[in-house]
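Enquirer: Residue numbers (our numbering): 179 to 664.
Glycine included, each C-beta is placed from N, C-alpha and C at the ideal position.
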Amino acid sequence: MLHLHNTLTGNKDRFEPLVPGRVRMYVCGVTVYDYCHIGHARSALVFDVLRRYLEYSGFVVEFAKNFTDVDDKIIKRAHEQGVGCDHITDKYIQAYYEDMEKLGVGRATVEPRATEHIVDIVGLVEKLLKKGMAYRVDGDVYFQVDRYPGYGRLSKRNLDDLQAGARVDVDQRKRQPMDFALWKSSKPGEPSWDSPWGPGRPGWHIECSAMAMRHLGETFDIHGGGMDLIFPHHENEIAQSCGATGKEFARYWVHNGFVQINQEKMSKSLDNFFTIREIFSASEWPESITGEMLRYFLLTTHYRSPLDFSDQSVRESKGALNGFYDLFERLNEPAPNRGTADGSMRVVMTRTREAFAEAMDDDLNTPNAVAVLQKLRGESNKAIESGLSSKMRHAVRQEFRALGAVLGLLQPDSWQFKPQFQSVSPDERGEKTTPLSEADIAGKIAARLEAKKAKNYSLADQLRAELASHGITIEDRPDGTSRWKR
RNA sequence: GGCGCCGUACCCAAGUGGCUAAGGGAGCAGUCUGCAAAACUGCGAUGCGGCGGUUCGAACCCGCCCGGCGCCUCCA
């Protein structure tokens, strides 16, 4: 039974959807005015895994993830570049899809955009005005925070605390400093839509309420996003949604922790962020492998803990994944019809499945889930040593595939990949390496096998050293052939 | 000022009251191999930031202290 840490209650709550067998979840996506960084990747990945695990557990999942495509930063960027807002948002939505595909993050069931829901937004604002929870000032509409008695229940703050700590100049037209804009009148040159209050555009928080209600209903199961959204964004969503409907909005609030650089939050102002595409283009590994390395790295820390990003730790994920793919190679090798370890392996696989679910049920403990897979790897290698039939080898590979799929890992048949030769970076000893074609590699390997056959080991070792200087490792098989990897 | 989080081996990272403190990476030794690689076997924290306290029993609960961080403003 899945338990999720619920920010609303502060506890790990047993997860039970409102409608049995069906989960409705909404996740705050990105504001599309720039490329995504590794922090966005983490958030997207966490909810991608949550969705995968819910589906693995047998739920039908309706998953909505929005794009915020009207916003001050977008307008600013468009003005700077002398282009329309559409140009900016189209470009970065496209980039988002490209980045997420490299990370293996699947598409949501619906991916609504704020600008496509103006009618819903206007309707919601009207409802709040009618109920006396919002007020008009010139062409703007504000939500009046003290009209919603539960304000602060998500972020565990009260209005007095918030006002004492306010660091921003308060708009004097507001009745309360914490009141927030539902609708903003547009200045010339800004995107605008007609409304009962004149031409304008939606405030930031209202879009998520409107879109979630449109696609998932007034009350739904899970609402997610980064921890920095707890206040004010999600607090405001709750106030305006519950204020409008009189019903609970989302039942479980799930928030992921930050990615940090040297123990500090990644942010634009500190200029310490890495975009997803930067990481991929700087990687010496092929895209599919870089994607899996990153995914493994991000999932080996619990989603609510801070995670320190470094090249070093991502590289270390490569070492950990190598072990799996080396095992898969062995599982593919010819094997007898019966193996002495077949029976015990069956038991191991059953236990593995249970332990995996137990880890994931515990608030999506992916580091533990990965540890379970690592244990299965060890057990599988031992079983191969003592004798595992080809049928069981196939079953073991399927088990890795099935559990790996929940994490989005271990799907390729092999890591015998085509390396990228274009730009090989200097290796760690500082030696310059030169590009090596695949034909060169094959040639050297063939030459080395010849030398070995002739027992000319010094030549064979020299050829192996040459390949090693290009980061290529040779592995001699018992059948007299050699395979290689980077 | 308010709210909150983190500190576990060389590195990453689970564990949050009771079996020998998971797992991975790196390292060392051994088996195998022409030598390697891979695999297997073994080694590796008498201790979980520090000091007190509660308890039959604490990394886990409480208090204080030290160190680091986040939110309270746009932010995944």
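1) Helix or strand or just coil, what does DSSP make of Thr209?
2) In terms of alpha-carbon separation, which member of Ala617, Glu507, Glu456, Phe321 lies closest to His572?
3) When the Cα of Ala638 is compared with those of Asp372, Ile400, Ala624, which residue comes out closest?
4) Would you say Leu614 and His648 are within 7 angstroms of each other, going by their C-beta atoms?
5) Can you give, in chain order, each stretch of the beta strand (DSSP E) that sits fully within the region 410-457 and has at least 3 residues?
6) So what's Ala632 in DSSP terms, helix, strand or just coil?
7) Taking 7 angstroms as the threshold (C-beta atoms), are Ile416 and Phe427 in contact?
8) Taking the alpha carbon of Pro374 as the reference point, which residue from Glu442, Gly402, Glu294, Val303 has its own alpha carbon closest?
9) If you scan the region 335-391 from start to end, which runs of the beta strand (DSSP E) of 3 or more residues do you find wholly inside it?
10) Measure the beta-carbon distance from Cys206 to Tyr274 and round it to whole angstroms, keeping in mind my assumption that it falls under 8 angstroms.
11) Taking the beta strand (DSSP E) that Arg192 falls in, what are its first and last residues?
12) Based on Cα-Cα distance, which residue from Pro366, Glu456, Ile439 lies nearest to Leu448?
13) Give the secondary structure of Arg202 by DSSP, where H, G and I count as helix, E and B as strand, and everything else as coil.
14) Report buried or exposed for Val432, applying the criterion of at least 16 other Cβ atoms within 10 angstroms of its Cβ.
15) How is Thr246 classed by DSSP in three states: helix, strand or coil?
16) Tell me whether Pro597 is buried or exposed, calling it buried when 16 or more other Cβ atoms sit within 10 Å of its Cβ.
17) How long is the line joining the alpha carbons of Lys688 and Leu477, rounded to whole angstroms?
18) What do you get for Asn634, buried or exposed, if any count of 16 or more other CB atoms within 10 angstroms of its CB means buried?
19) How far does the beta strand (DSSP E) with Leu182 in it reach, from first residue to last?
20) Can you name, in chain order, every residue of its own chain whose Cβ lies under 8 angstroms from the Cβ of Gly199, other than the five neighbours on each side?
21) What number of angstroms, rounded off, separates the C-alpha of Gly328 from the C-alpha of Asn414?
22) Report the residue from Gly582, Ser660, Asp226 whose alpha carbon sits nearest the alpha carbon of Ala620.
23) At which residues does the beta strand (DSSP E) containing Gly404 begin and terminate?
24) Starting from Ala312 and walking both ways along the beta strand (DSSP E), at which residues does that stretch end?
25) Specify, as a first and last residue, the run of the alpha helix (DSSP H) that Val492 falls within.
26) If you reduce the DSSP assignment to three classes, tell me which class Tyr320 lands in.
27) Have a look at the DSSP bridge pairing and note the partners of Phe241.
28) My understanding is that Gln354 touches Asp316, with C-beta atoms under 8 angstroms, so please give their C-beta distance in whole angstroms.
Expert: Per the coordinate set shown:
1) strand
2) Glu507
3) Ala624
4) yes
5) 428-434, 437-439
6) coil
7) yes
8) Val303
9) 358-363, 378-380
10) Not quite, the Cβ-Cβ distance comes to about 13 angstroms (not below 8 angstroms), so this is no contact.
11) 189-192
12) Ile439
13) strand
14) buried
15) strand
16) Low local confidence applies: a pLDDT of 38 at Pro597 is under 50, so the model's placement there is unreliable, with the coordinate-based value given in what follows. With 16 or more Cβ atoms within 10 Å of its Cβ, Pro597 is classed as buried.
17) There is no way to answer for residue 688, as the model of the chain reaches only from 179 to 664.
18) exposed
19) 181-184
20) Gly236, Phe237, Val238
21) The C-alpha of Gly328 lies about 11 angstroms from the C-alpha of Asn414.
22) Ser660
23) 398-404
24) Taken as a continuous stretch (DSSP letters only), the beta strand (DSSP E) holding Ala312 covers 312-315.
25) 489-510
26) strand
27) In the DSSP output, where bridge partners are listed per residue, Phe241 has Met203.
28) Gln354 to Asp316, Cβ: 17 angstroms. No contact.
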